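Protein chains: 2
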Amino acid sequence: MATIDANPASGTRDLLPDDVTRRERAFATIRATFDAHGFAPLETPAFERLEVLTGKYGEEGDQLIFKILRRGDHEASGDADLALRYDLTVPLARVAARYGSQLPTPFKRYQIAPVWRADRPGKGRYREFYQCDVDTIGSDSLTADAATLVAVTDALEALGLDGFRVQLNSRRALRGLVEAYGIEGEQEGEALVALDKLDKIGLDGVAAELAGRGIGPAAIAALGEDLSAADPAAAVRGRLERSETGVAGLAEVDRVLDLVGDAVPVTYAPVLARGLSYYTGPVFEVVHAGLDATIAAGGRYDHLIGMFQANDVPATGGSLGLERILLLLEAAEHAEAGPAGPEVLVTVMDEDGAADAVALAGRIRAAGHTVEPYSGGGRLKLAKQLKYADRRGVRVAVIRGADERAAATVTCKALATGEQRTVALDDLEPTLATWLQA
Amino acid sequence: MATIDANPASGTRDLLPDDVTRRERAFATIRATFDAHGFAPLETPAFERLEVLTGKYGEEGDQLIFKILRRGDHEASGDADLALRYDLTVPLARVAARYGSQLPTPFKRYQIAPVWRADRPGKGRYREFYQCDVDTIGSDSLTADAATLVAVTDALEALGLDGFRVQLNSRRALRGLVEAYGIEGEQEGEALVALDKLDKIGLDGVAAELAGRGIGPAAIAALGEDLSAADPAAAVRGRLERSETGVAGLAEVDRVLDLVGDAVPVTYAPVLARGLSYYTGPVFEVVHAGLDATIAAGGRYDHLIGMFQANDVPATGGSLGLERILLLLEAAEHAEAGPAGPEVLVTVMDEDGAADAVALAGRIRAAGHTVEPYSGGGRLKLAKQLKYADRRGVRVAVIRGADERAAATVTCKALATGEQRTVALDDLEPTLATWLQA
Chain A
358 MATIDANPAS GTRDLLPDDV TRRERAFATI RATFDAHGFA PLETPAFERL EVLTGKYGEE
418 GDQLIFKILR RGDHEASGDA DLALRYDLTV PLARVAARYG SQLPTPFKRY QIAPVWRADR
478 PGKGRYREFY QCDVDTIGSD SLTADAATLV AVTDALEALG LDGFRVQLNS RRALRGLVEA
538 YGIEGEQEGE ALVALDKLDK IGLDGVAAEL AGRGIGPAAI AALGEDLSAA DPAAAVRGRL
598 ERSETGVAGL AEVDRVLDLV GDAVPVTYAP VLARGLSYYT GPVFEVVHAG LDATIAAGGR
658 YDHLIGMFQA NDVPATGGSL GLERILLLLE AAEHAEAGPA GPEVLVTVMD EDGAADAVAL
718 AGRIRAAGHT VEPYSGGGRL KLAKQLKYAD RRGVRVAVIR GADERAAATV TCKALATGEQ
778 RTVALDDLEP TLATWLQA
Chain B
358 MATIDANPAS GTRDLLPDDV TRRERAFATI RATFDAHGFA PLETPAFERL EVLTGKYGEE
418 GDQLIFKILR RGDHEASGDA DLALRYDLTV PLARVAARYG SQLPTPFKRY QIAPVWRADR
478 PGKGRYREFY QCDVDTIGSD SLTADAATLV AVTDALEALG LDGFRVQLNS RRALRGLVEA
538 YGIEGEQEGE ALVALDKLDK IGLDGVAAEL AGRGIGPAAI AALGEDLSAA DPAAAVRGRL
598 ERSETGVAGL AEVDRVLDLV GDAVPVTYAP VLARGLSYYT GPVFEVVHAG LDATIAAGGR
658 YDHLIGMFQA NDVPATGGSL GLERILLLLE AAEHAEAGPA GPEVLVTVMD EDGAADAVAL
718 AGRIRAAGHT VEPYSGGGRL KLAKQLKYAD RRGVRVAVIR GADERAAATV TCKALATGEQ
778 RTVALDDLEP TLATWLQA
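Heads up: the protein sequence lines correspond to chains A and B, in order. Mapping the first sequence onto the numbering used here, position 129 (from 1) lands on 486, and the numbers just tick up by one. Mapping the second sequence onto the numbering used here, position 255 (from 1) lands on 612, and the numbers just tick up by one.
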């Protein structure tokens, strides 16, 4: 039989044990933090009916949705009726609409789960990757926005990340600012798209892009004046006083700043837009100073859930840039993390001793250690078993050949030092307790 | 805008917080058990290239594979090139072939993950459901089979299930038995299919089915004689002495029985077949006595991995019937499990007190409790907030209105008893520690 290509599909990864162990440790930390903040876990199916997903992510996003063929007799049609989830927000909106009255109000949930996008695979860009979202549904109170910020930054701290800052703005303030510059109607959206690129292309780049999008020179000059000021935030604050929307937006920003107090290192970022068009109120991003990279972001989106039901439901939330965070942690932990093996290996010196090894492993496990009897095939050489133990990160090998069985003794060997000691079988547990301490 | 149907796709489920919490608790127990047995976690992508999956599950299985449309310009072709995984075993075989030399030998892995099958949805039958597999790759030693049995039954015990028994057979012994009955060649497979149904249709049913499949009356009479004997296992043992394959198979069974010793409640089950055609050696199933239902099963499959590489690699493993087990646990836990909410809710009595509530929640969290500030919108009525607290399973509400803030005090209210006490702010932590104990 011809053999089959054994690689995972393009853009996907096999996560071997050490990867899974490292990732699961981070996920457990995040879950514990969100639990501690009163958020509760939700799981939704990997796929949704196609109509649930299409039309939510813009034209470019829609193109990246993985579609699933109809089954049975309909398969030949080549039509799709299901699709893999593209993010965790649209399924949440569906759940909020479906179970509204069964859920507490507000409904505070988190979800850590894979999503799928048919993007062109590249370095650090996968077709299957994990997202980590935390949202509060059904509250228009800015306390919910503040609680999101505290929970997200607590999670980052619990993961051991530091040196990050939160940039905070309000979509309403940003609309007020654009208004104050005299940009109106359809041009407002165009201006926001350009402003969103400030980090990447700088003020000159944004000015050029605004001009290219037909924004007049007076508006561009006013923007340049504000952002070149000694204190751009203060300059923008002054300008926002002229716009009713701007005043209301600033009040939102200041309220969230007041609510989080000292708990979060946060700054007003007057032109932060956050790309997604569904944001309506406060928006934020968390920037890792050392990397100049966004590691979390979010905001308020009061109209998204209305797509699944007659009335709007206010909502706010945030998302950790999980894959990027995992890379940061991997770099930091690389030195300290060992392989995901058991603490103890009970060697099997001869076929007659195998049942004894299985029983001994049970006894060591009952004493609270992780342990396996050597289960490999072939010839039962000690050197091969010790090599396997080393490969797994085992700390102590327990050796019991015919001599030890006859004498009711057992030999313990510390893998790191090579130290070896033969003790009475009854002294096995205390010996292991000492050797495996610390 | 017309609203969109908010139900999950047919055959899939939304898992609300209490469901997720219960399931995650069980998963954590299983992971801890398999870790303690030296198995390590593996994750593979949700989808595989189509050719990896097709041809592995028989014609019926192939029909149930969810296929994913090609993307971009190829979408219009209606062709599929990817498919959602149908089980965890074929992806494992691919991983074993792909990473062979990078993995320890033997490679001991577990995986708890969803799989997808386009089955007709029904009561307890889903299109997305979790499997839990534990396997040892690269060992022909029966110690690996024994270690699987101990790990699987330890996991069931750790979950709190008891009253189960393990039925053990060997595919080799079963082939020997069929040979001893004089059934040979193509009829061997037919006979195994019929024998596999003994539990469901009884001896008379099997006899009728064997006759229908063209098996001769002498073989059927001999089978009837063995299974009607006072000790059917002893009768079959006697008959197997006449077949070389039978003797070798019996030796396998007895070796595994010897290796597990008293650690597992196991019985030789002379006609246990286990449906899947890829089994080659010992096979087992774990039957829950009270339910007369199989809750775990597995066996040795020495030829499966050879589909992905030039040479065969021996393998053995087991699978927990996770969804069935979760239903059993749900029934048992229903009384004791509370909703997945925080221990403490800090109420917000007025807008001026919201920042204080956020800060107070941070302080209570620092003392080790799970807590949230009330984040709901609308009017800040205490009754509404206490109702929300009750709905979330909160144990203590912390109330701090203008009077308490002026007097540097705080009021704690136990939700279960209604007991309420106003204490100095400095006494908040000790008060909560006492109230939340036990």
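Each residue gets a CB set at the ideal place from its N, CA and C atoms; glycine is no exception. If you're wondering where the values come from, they're calculated on a predicted model, not measured in any experiment.
Check: If you measure between the beta carbons of A470 (chain A) and Y487 (chain A), is that distance less than 9 Å?; Outcome: yes
Check: Determine which residues of the region 402-414 of chain A have a Cβ less than 8 Å from any Cβ of chain B, and write them out in chain order.; Outcome: P402, A403, F404, E405, R406, E408, V409
Check: Confirm, please, whether the CB-CB distance from F404 (chain A) to A433 (chain A) is below 9 Å.; Outcome: no
Check: Going by alpha carbons, who is nearest to E566 (chain B) out of B:D583, B:A586, B:Q544?; Outcome: B:Q544
Check: Among A:N364, A:H726, A:G562, A:E642, which one has its Cα closest to the Cα of W792 (chain A)?; Outcome: A:H726
Check: Looking at the unbroken beta strand (DSSP E) that takes in T673 (chain A), where does it start and where does it end?; Outcome: 672-677
Check: At 7 Å on the CB atoms, spell out the chain A contacts of E400 (chain B), in chain order.; Outcome: L372, V377
Check: Alpha carbons only, please: which of B:P671, B:R428, B:R720, B:G418 is nearest the one belonging to E417 (chain A)?; Outcome: B:R428
Check: Could you list the residues in the region 609-631 of chain A with a C-beta less than 9 Å from some C-beta on chain B, going in chain order?; Outcome: R612, D615, L616, V617, G618, D619, A620
Check: Since E729 (chain B) is in the beta strand (DSSP E), which residue starts that stretch and which ends it?; Outcome: 728-730
Check: Measuring only between beta-carbons, confirm whether Y745 (chain A) sits less than 9 Å from chain B.; Outcome: yes
Check: Out of B:D783, B:L785, B:T768, point me to the one whose CA is closest to Q777 (chain B)'s CA.; Outcome: B:T768
Check: Per DSSP, P639 (chain A) forms a beta bridge with which residues?; Outcome: A:S527
Check: Just the C-alpha distance for D707 (chain A) and H645 (chain A), rounded to the nearest angstrom, thanks.; Outcome: 56 Å
Check: Against chain A, with Cβ distances strictly below 9 Å, would T493 (chain B) count as a contact?; Outcome: yes
Check: Can a CB atom of chain B be found closer than 9 Å to the CB of K465 (chain A)?; Outcome: yes
Check: Count the other C-beta atoms from every protein chain shown that fall within 10 angstroms of the C-beta of T390 (chain A), then say buried if there are 16 or more, exposed otherwise.; Outcome: buried
Check: Closer than 7 Å by C-beta to A781 (chain B): which residues in its own chain qualify, once you throw out the five before and the five after it? Chain order, please.; Outcome: A765, T766
Check: Anything in chain A within Cβ reach of P699 (chain B), meaning under 8 Å, just list it in chain order.; Outcome: D392, A393, H394, G395
Check: From G457 (chain A) to P402 (chain A), what distance separates their C-alpha atoms?; Outcome: 18 Å
Check: Round the Cβ separation of D579 (chain B) and T378 (chain B) to the nearest angstrom and send it over; I've been treating them as touching at under 8 Å.; Outcome: Going by the sequence as given, residue 579 (chain B) is Ala instead of Asp. Their Cβ separation, rounded to whole angstroms, is 54 Å, which puts A579 (chain B) and T378 (chain B) out of contact at 8 Å.
Check: Output the distance between the C-alpha atoms of D444 (chain A) and A740 (chain A), rounded to the nearest integer angstrom.; Outcome: 50 Å
Check: Just tell me which of A:R749, A:L525, A:P574, A:D588 has its CA closest to the CA of V643 (chain A).; Outcome: A:L525
Check: Exposed or buried, what is K424 (chain B) when buried is set at 16 or more other beta-carbons lying within 10 Å of its beta-carbon?; Outcome: buried
Check: Under a three-way DSSP split, which group does I494 (chain A) fall into?; Outcome: strand
Check: In angstroms, rounded to a whole number, what distance separates the CA positions of M358 (chain B) and K413 (chain A)?; Outcome: Any reading at M358 (chain B) must be qualified, since the residue scores a pLDDT of 47, below 50, and its modelled position is unreliable; the value itself is stated next. Cα to Cα, M358 (chain B) sits roughly 13 Å from K413 (chain A).
Check: Decide if S585 (chain B) is buried, meaning its Cβ has at least 16 other Cβ atoms within 10 Å, or exposed.; Outcome: exposed
Check: I'd like to check one pair, L683 (chain A) with R442 (chain A): are the Cβ atoms closer than 9 Å?; Outcome: no
Check: Give the residues of chain B in contact with E485 (chain A), contact being defined as C-beta atoms less than 9 Å apart.; Outcome: P402, A403, F404
Check: Which residue marks the beginning of the beta strand (DSSP E) containing L597 (chain B), and which one marks its end?; Outcome: Element bounds for L597 (chain B): not the beta strand (DSSP E) but the alpha helix (DSSP H), 589-597.
Check: Taking L648 (chain B) as the reference, which of B:T637, B:A688, B:Y467 has the closest Cα?; Outcome: B:A688
Check: With a cut-off of 9 Å, does the C-beta of P671 (chain B) fall near any C-beta of chain A?; Outcome: yes
Check: Taking only three categories from DSSP, how would you classify G539 (chain B)?; Outcome: coil
Check: Going straight from the alpha carbon of E328 (chain B) to that of R596 (chain B), what length do you get?; Outcome: The first residue shown for chain B is 358 and the last is 795, placing residue 328 (chain B) beyond what the model contains.
Check: Under three-state DSSP, which class holds R570 (chain A)?; Outcome: coil
Check: Quick check on the DSSP output: what are the complete beta strand (DSSP E) runs of length 3 or more inside the region 364-408 of chain B, in order along the chain?; Outcome: 404-406
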